[in-house]
Amino acid sequence: MQSFRNLRVWEKSHQLTLDVYASSKTFPRDEVFGLTSQMRRTSASIGMNIAEGCCRKGDAELKRFLQIAMGSASELEYQLLLAHDLNYLPEEGDASLTSQVTEVKKMLSSFMQKVKGSD
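Residues in the sequence shown are numbered from 115 upward in steps of one, following the working numbering.
Here it is, written out as structure tokens:
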């Protein structure tokens, strides 16, 4: 068992979540229970699954939770595209968040490759 707080990928995913929360504050009010809520839950899910995987026994379970985190990151990537296409995010905010989610996905992929476990 390792502390998730010591992982750079968790730190990056946590910052991504904070940035998603900040950026989604400007979304239309009628999206509060729609895209705003969904993006916030999805971004938080990345860090939550990393944290949960770190407290599980064995590499196979850790790897499974990292795969779930990767799925959430991919889901967020689409949600950012949708928010951009709906003109909810300014160009620079969209580019920054998209860059962050891409970096987190690369880090998750690298971490999964390092973790031994069932495939």
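Quick reminder that beta carbons are idealized off the backbone N, C-alpha and C, glycines included.
Apart from sequence neighbours up to five positions away, the residues of its chain that approach R154 with a beta-carbon distance below 8 Å are T131, V134, Y135 and S138, ordered along the chain. In the DSSP assignment, L200 falls outside any alpha helix (DSSP H), carrying neither H nor E.
Boundaries of the alpha helix (DSSP H) harbouring T131: R122 to S138, taken from the DSSP string.
Ranked by Cα distance from S117, the options A183, E145 and I164 are led by I164. Counting along the chain, no alpha helix (DSSP H) covers K230, and no H or E run does either. The DSSP-derived three-state label of V218 is helix. The C-beta distance from A174 to L222 rounds to 16 Å, too long to meet the 8 Å contact threshold. Your pair E217 and K126 checks out as a contact, with CB atoms roughly 6 Å apart and the cut at 8 Å.
Sorting E166, G185 and D144 by C-alpha distance to the C-alpha of L121 places E166 at the top. Annotated as distal: T156 and L196, with beta-carbon spacing of 8 Å or more. Boundaries cannot be given for G172, as no alpha helix (DSSP H) includes it and DSSP labels it neither H nor E.
The shortest C-alpha to C-alpha distance from G185 to any of N201, I160, T150 and D199 is the one to I160.
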